[in-house]
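Structure first, commentary second.
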Amino acid sequence: MTTKAKLLAVTLDCAEPKKLAEFYHEITGWDVQVAEDEYAAVGDGVRTIYFGRVADREPAPWPGPGKQFHFDFLVPDVERAAEEYEALGATRPDFQPGVTDEGVRWIVLRDPEGHLFCVCPDRS
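Quick note on numbering: numbering that gives the first Met the number 0 labels position 69 of the sequence shown as 68, and the sequence is numbered without any gaps.
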């Protein structure tokens, strides 16, 4: 039997860890656990996002094959959340596969350093 691993955290490369931790603190409500120039973290006691300084990191083009991951966040109102996150420094790319003639299924955003994330409706 293979040893089973538990995911501790996800780490994002970024130029300004403290600023990106503050952005994700604002959109998730998770506590800023560490805030240093080289390293920062936000978490809720179960899940953690770490931010490590990589000064020359370039965001992947969207759409494109360079995208390696993205976050999906559930929100009560997709349009409102997207607008609020844009006010915090996120940007909305032109390509929106979740926005169709039938309506908005999800919205793709870029965080202030260009990492992609989606805001999706919380239907619970």
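Note that beta-carbon positions come from the ideal geometry of N, C-alpha and C, so glycine has one too.
query, result
"Status (buried if at least 16 other CB within 10 Å, exposed otherwise) for residue 63", "exposed"
"Classification of residue 109 by the beta-carbon crowding that lies within 10 angstroms, buried from 16 upward", "buried"
"Per DSSP, the bridge partner or partners of residue 115", "109"
"Endpoints, the alpha helix (DSSP H) within which residue 22 is located", "16-27"
"Test: residue 42 CB closer than 9 angstroms to a CB of chain B", "Protein chain content of the structure displayed is limited to a single chain, and chain B is not contained in it."
"Under the three-state DSSP convention, the category residue 46 falls into", "coil"
"The beta strand (DSSP E) enclosing residue 74, as first and last residue numbers", "70-74"
"Residues bridged to residue 38 [DSSP beta-bridge criterion]", "51"
"Buried or exposed by the 16-neighbour rule on C-beta atoms within 10 Å, applied to residue 42", "buried"
"Inter-residue CB distance, residue 51 and residue 12 (contact presumed, cutoff 8 angstroms)", "6 angstroms"
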